[in-house]
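What follows is a short report on a single structure.
4 protein chains.
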Amino acid sequence: MTSVINYNNDKGLLAYIEFLAASSLKSRNGNTDPIFDFEDALDQIEMAQLAVDELKKIPEVNALFAERWLPAPFHLDDLAKLPDGTLGNVYAREMKARGFDPYFYKKVPVVDDISYLKMLWRSTHDIYHVVTGFDTNPIGEIGLQAFVLAQTPIPISVMLVSFGMVMISIYQPTKFKDLMTEIARGYRLGSHTPGKLIAQRWDQFWDVPVSEIRANLGMVTEHYVASIA
Amino acid sequence: MTSVINYNNDKGLLAYIEFLAASSLKSRNGNTDPIFDFEDALDQIEMAQLAVDELKKIPEVNALFAERWLPAPFHLDDLAKLPDGTLGNVYAREMKARGFDPYFYKKVPVVDDISYLKMLWRSTHDIYHVVTGFDTNPIGEIGLQAFVLAQTPIPISVMLVSFGMVMISIYQPTKFKDLMTEIARGYRLGSHTPGKLIAQRWDQFWDVPVSEIRANLGMVTEHYVASIA
Amino acid sequence: MTSVINYNNDKGLLAYIEFLAASSLKSRNGNTDPIFDFEDALDQIEMAQLAVDELKKIPEVNALFAERWLPAPFHLDDLAKLPDGTLGNVYAREMKARGFDPYFYKKVPVVDDISYLKMLWRSTHDIYHVVTGFDTNPIGEIGLQAFVLAQTPIPISVMLVSFGMVMISIYQPTKFKDLMTEIARGYRLGSHTPGKLIAQRWDQFWDVPVSEIRANLGMVTEHYVASIA
Amino acid sequence: MTSVINYNNDKGLLAYIEFLAASSLKSRNGNTDPIFDFEDALDQIEMAQLAVDELKKIPEVNALFAERWLPAPFHLDDLAKLPDGTLGNVYAREMKARGFDPYFYKKVPVVDDISYLKMLWRSTHDIYHVVTGFDTNPIGEIGLQAFVLAQTPIPISVMLVSFGMVMISIYQPTKFKDLMTEIARGYRLGSHTPGKLIAQRWDQFWDVPVSEIRANLGMVTEHYVASIA
Numbered sequence: 005m006t007s008v009i010n011y012n013n014d015k016g017l018l019a020y021i022e023f024l025a026a027s028s029l030k031s032r033n034g035n036t037d038p039i040f041d042f043e044d045a046l047d048q049i050e051m052a053q054l055a056v057d058e059l060k061k062i063p064e065v066n067a068l069f070a071e072r073w074l075p076a077p078f079h080l081d082d083l084a085k086l087p088d089g090t091l092g093n094v095y096a097r098e099m100k101a102r103g104f105d106p107y108f109y110k111k112v113p114v115v116d117d118i119s120y121l122k123m124l125w126r127s128t129h130d131i132y133h134v135v136t137g138f139d140t141n142p143i144g145e146i147g148l149q150a151f152v153l154a155q156t157p158i159p160i161s162v163m164l165v166s167f168g169m170v171m172i173s174i175y176q177p178t179k180f181k182d183l184m185t186e187i188a189r190g191y192r193l194g195s196h197t198p199g200k201l202i203a204q205r206w207d208q209f210w211d212v213p214v215s216e217i218r219a220n221l222g223m224v225t226e227h228y229v230a231s232i233a
Numbered sequence: 005m006t007s008v009i010n011y012n013n014d015k016g017l018l019a020y021i022e023f024l025a026a027s028s029l030k031s032r033n034g035n036t037d038p039i040f041d042f043e044d045a046l047d048q049i050e051m052a053q054l055a056v057d058e059l060k061k062i063p064e065v066n067a068l069f070a071e072r073w074l075p076a077p078f079h080l081d082d083l084a085k086l087p088d089g090t091l092g093n094v095y096a097r098e099m100k101a102r103g104f105d106p107y108f109y110k111k112v113p114v115v116d117d118i119s120y121l122k123m124l125w126r127s128t129h130d131i132y133h134v135v136t137g138f139d140t141n142p143i144g145e146i147g148l149q150a151f152v153l154a155q156t157p158i159p160i161s162v163m164l165v166s167f168g169m170v171m172i173s174i175y176q177p178t179k180f181k182d183l184m185t186e187i188a189r190g191y192r193l194g195s196h197t198p199g200k201l202i203a204q205r206w207d208q209f210w211d212v213p214v215s216e217i218r219a220n221l222g223m224v225t226e227h228y229v230a231s232i233a
Numbered sequence: 005m006t007s008v009i010n011y012n013n014d015k016g017l018l019a020y021i022e023f024l025a026a027s028s029l030k031s032r033n034g035n036t037d038p039i040f041d042f043e044d045a046l047d048q049i050e051m052a053q054l055a056v057d058e059l060k061k062i063p064e065v066n067a068l069f070a071e072r073w074l075p076a077p078f079h080l081d082d083l084a085k086l087p088d089g090t091l092g093n094v095y096a097r098e099m100k101a102r103g104f105d106p107y108f109y110k111k112v113p114v115v116d117d118i119s120y121l122k123m124l125w126r127s128t129h130d131i132y133h134v135v136t137g138f139d140t141n142p143i144g145e146i147g148l149q150a151f152v153l154a155q156t157p158i159p160i161s162v163m164l165v166s167f168g169m170v171m172i173s174i175y176q177p178t179k180f181k182d183l184m185t186e187i188a189r190g191y192r193l194g195s196h197t198p199g200k201l202i203a204q205r206w207d208q209f210w211d212v213p214v215s216e217i218r219a220n221l222g223m224v225t226e227h228y229v230a231s232i233a
Numbered sequence: 005m006t007s008v009i010n011y012n013n014d015k016g017l018l019a020y021i022e023f024l025a026a027s028s029l030k031s032r033n034g035n036t037d038p039i040f041d042f043e044d045a046l047d048q049i050e051m052a053q054l055a056v057d058e059l060k061k062i063p064e065v066n067a068l069f070a071e072r073w074l075p076a077p078f079h080l081d082d083l084a085k086l087p088d089g090t091l092g093n094v095y096a097r098e099m100k101a102r103g104f105d106p107y108f109y110k111k112v113p114v115v116d117d118i119s120y121l122k123m124l125w126r127s128t129h130d131i132y133h134v135v136t137g138f139d140t141n142p143i144g145e146i147g148l149q150a151f152v153l154a155q156t157p158i159p160i161s162v163m164l165v166s167f168g169m170v171m172i173s174i175y176q177p178t179k180f181k182d183l184m185t186e187i188a189r190g191y192r193l194g195s196h197t198p199g200k201l202i203a204q205r206w207d208q209f210w211d212v213p214v215s216e217i218r219a220n221l222g223m224v225t226e227h228y229v230a231s232i233a
């Protein structure tokens, strides 16, 4: 059976315009809901389906989709007790230092591949920060999105990198050079790291040292990247 | 005397929104006016002034600004008579093959640094295509803008790269991978090429072989870039 | 002392564009926050100040501004005990029937005339529905805004009438005729009613029959309006 | 055979957003092309078809659609020779006084009902100004669109009235009261005039006194409207 899929790409553009205009009006002050609402509005564009199709060609990722794998529930206090330098320990320490809630993200019911992909990245996003080393400030976020974009382009990552370039250049132009440095760094690192962030069962790595995780992913050091960049 | 400059960054965002919406409605069919109108609307954002200030720190560029240098008028037929492989010959051949008019761009009166910068890049843009080797199709154009962005960020280049990422991902998602390949290639090439495109008095190079111009700019070969990328 | 006021009218347009785009993406499902957020973004346009200046020329309204009058707190259960046909009784019955919360509106601190005006109309808006007889469905809301617009134009009323015309004509064109009927009716009724809704101390009228309130406002009957329309 | 019609209402909203943003950036300086481009972008919304369907229920209009009637070509110099007070004479005098070209409007090929309707109103629009008495300045134009909207709502008229309310309130708020006066006047006049402007074969009336044309349309005098308003 072939189901007829009706894409509505114009809705994607309207969502982008809404996000641009809204961001020009007031600071989000750490409220991340508008980002997730924006992503939800992108569900109906063709690229959302293409991104899923592309991801499922990666066997490890396909397995995650088949299982609807999501990380097992955890508590920061438990992770904090793991040895120094392990993923769980570093993650818990940084989340606590910033006052971040691991379950900060907007939940959506997993009813299909597109909604599953959203829950997959949302529930593991803060782990990406620890593993890649990108800051959680606005410029670091965009840098991390560039890393993801290079590895496994999904609509929201494309949109956020594009959005960041426009908004920083218009409203904070003195920060534009720093932004491009981080975008370029993220894109290069992502391009050179064979292990995909989206393919990992992160809850199995809580007690693994971050340095070992990076090595397993084949993540090149910034020193090496600098030498080739 | 300190003149009071009133920026209106919101006008820049409104111009970007107009450009997005207009581009979703109909093909430009080779009409480049909307791009130049878009750039003109960016004159009043802070980044337009910062870009000028930054460019003038480069002595060769500062000299161009002081002189209000623009390339001497020329005819494609004359350039076509230059030896094979020279800038003039290759440029004339490609412009004729594509049916392009060297004076296709919207003219603005040069009344200040910002308007001068616009005439400077507009009147030399097609030469950039020849020297960098980027195609003149939509994806090649965005790739070239990424090259410029890496060398000397000016508002319109930032906007067009951002615009290209959004519009291709929404409306032509199957071309997105190619787009990112060209953006990444342009950005890397631009970052590694010490000679700035914007700093050259191009009309002095019509009879210089393109390969020699590239060498003088310090432009790395694509082969070399591929080896480090 | 003359304070320098910096208007930013472009922010008003960006807020309107955001509201349009957002409304095209998903139903608000009774969530009125986006409307109040929209109005808050209009604070910085020149018309917000002009509307206040104009309103303060009406002596009764000027007195409200001077006092920062807002209706005394009340409970629907108390109002419901008032005699049939009184404002309090009808209001309480209709609010309960619809499951509406009298304090549904977004609160803003009253720090100046513009913020006071917002709290003034927000805290009395549902009373307007009872007195004018306009429905609380989307078309009735726009009709009521047209009434307000005719009596005392404030930015949000203008925006909502304009918004309603655009969105209904684009997305629900079969309802457009009904919408225009209500807008025209609201505008005519508002134009012919000398007593301004915004000028009333509504909490003094809870025990007054609605018919008497209408007579006191000089509100013409729909029958009369129909005869002249 | 039932043809499948694919509406794209979102394109209508994107066209409106483009028109809003473009109008905030620069004055049109009498260039009317953006208005016609805007209307062309509305062809694909459902309301464009509904407006045609509604108009064709009026027998005289249906006949025009069947014939694809458009006014016979004419020259202002010929019309100017008609007796004082006739449609042709007044029209020619006013067009000349303003330096207007009778064929100023963007032409589109008549390939279906929607394109025919556009040529029908475009080719007769300036006659409407003479017959209704609305000025050709921005506020008068919006007033005339309100007249048309009341008689025979077509997408562009709805959009322009809505657009005028938003843009004048945001950017020229001191003119807002005058705008609403003209919109209300246009809407009332249009509502009370049984003869539809869109239904007339105007080229048969060049030698008819304007006062007689108004009487034949059943157009009430402004004095009368004022008495009932």
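Chains as they are written, first to last, in my numbering: chain A, 5 to 233; chain B, 5 to 233; chain C, 5 to 233; chain D, 5 to 233.
The C-beta atom is built at its ideal place from N, Cα and C for all residues, glycine as well.
{"Query": "Buried or exposed (CB count within 10 angstroms, at least 16 for buried), D14/A", "Result": "buried"}
{"Query": "Per-residue contacts from K15/D into chain B (C-beta, under 9 angstroms)", "Result": "S28, L29"}
{"Query": "Proximal residues of chain A, C-beta to C-beta of F180/B below 9 angstroms", "Result": "M51, L54, P157, V162"}
{"Query": "Whole-angstrom C-beta distance between D211/C and L80/C, which should lie under 8 angstroms", "Result": "About 15 angstroms; that fails the 8 angstroms criterion."}
{"Query": "Min CB distance M123/B to chain A below 8 angstroms", "Result": "no"}
{"Query": "CB contact flag (H196/B, V152/B, <8 angstroms)", "Result": "no"}
{"Query": "is_contact[I174/A, chain B] using C-beta, thresh 8 angstroms", "Result": "yes"}
{"Query": "7 angstroms Cβ cut-off: residues of chain C touching P177/D", "Result": "E50, M51, L54"}
{"Query": "is_contact[Y191/C, chain D] using C-beta, thresh 8 angstroms", "Result": "yes"}
{"Query": "Cβ separation of I131/A and W206/A, assumed to be a contact under 8 angstroms, to the nearest whole Å", "Result": "5 angstroms"}
{"Query": "Own chain, CB closer than 6 angstroms to L221/C, minus 5 neighbours either side, in chain order", "Result": "T197, G199"}
{"Query": "N-terminal and C-terminal residue of the alpha helix (DSSP H) that V135/C is part of", "Result": "129-136"}
{"Query": "Interface flag, I118/D vs chain B, CB-CB below 8 angstroms", "Result": "no"}
{"Query": "Stretch pair the stretch 69-79 of chain C + the stretch 113-129 of chain C: three plus CB contacts closer than 8 angstroms", "Result": "yes"}
{"Query": "Contacts around T6/A, its chain only, beta-carbon distance under 6 angstroms, and the 5 residues preceding and following it disregarded", "Result": "Confidence in T6/A is poor, its pLDDT being 47 and thus under 50, which makes the residue's placement unreliable; the coordinate value appears in the next sentence. Cβ neighbours of T6/A beyond the five flanking positions: none."}
{"Query": "Cβ-based burial, V165/B [other Cβ within 10 Å; buried from 16]", "Result": "buried"}
{"Query": "Closer than 9 angstroms at the beta carbon, the chain A residues around L24/D", "Result": "What L24/D touches in chain A: nothing, since even the nearest Cβ is about 11 angstroms away."}
{"Query": "According to DSSP, residues forming a beta bridge with T90/C", "Result": "P213/C"}
{"Query": "Classification of A150/A by the beta-carbon crowding that lies within 10 angstroms, buried from 16 upward", "Result": "buried"}
{"Query": "C-beta neighbour in chain B for M223/A, strict 8 angstroms", "Result": "no"}
{"Query": "Sequence-distant residues of the same chain with beta carbon closer than 8 angstroms to K100/C, five excluded per side", "Result": "L80, A84"}
{"Query": "Secondary structure of K235/B, DSSP reduced to three states", "Result": "Examination of residue 235/B is not possible in this model, given that chain B is present from 5 through 233 alone."}
{"Query": "C-alpha distance - I49/D paired with Q204/B, whole-angstrom precision", "Result": "50 angstroms"}
{"Query": "F42/C versus V214/B: straight-line alpha-carbon distance, rounded", "Result": "56 angstroms"}
{"Query": "Distance, I202/A Cα to T156/A Cα", "Result": "8 angstroms"}
{"Query": "Residue-chain proximity (N12/C, chain B), Cβ-Cβ < 8 angstroms", "Result": "yes"}
{"Query": "Residue closest to K181/B, alpha-carbon to alpha-carbon, out of L193/B, I143/B, F167/B, Y95/B", "Result": "I143/B"}
{"Query": "Beta carbon proximity, I39/A to chain C, threshold 8 angstroms", "Result": "no"}
{"Query": "Chain B within 8 angstroms of L46/C, Cβ atoms only", "Result": "no"}
{"Query": "Inter-residue spacing [alpha-carbon to alpha-carbon] between M51/B and S173/A", "Result": "6 angstroms"}
{"Query": "Length of the line joining the Cα atoms of M171/A and R218/B", "Result": "34 angstroms"}
{"Query": "Counted within 10 angstroms of its Cβ, other Cβ atoms place R32/D as buried (16 or more) or exposed", "Result": "exposed"}
{"Query": "Within-8 angstroms CB hit, M169/B to chain A", "Result": "yes"}
{"Query": "Local conformation of I49/C per DSSP, three classes", "Result": "coil"}
{"Query": "Contact with chain D by I232/B, beta-carbon distance below 8 angstroms", "Result": "Bear in mind that the predicted position of I232/B carries a pLDDT of just 46, short of 50, making it unreliable; the figure below should be weighed with that in mind. So no, I232/B is outside the interface."}
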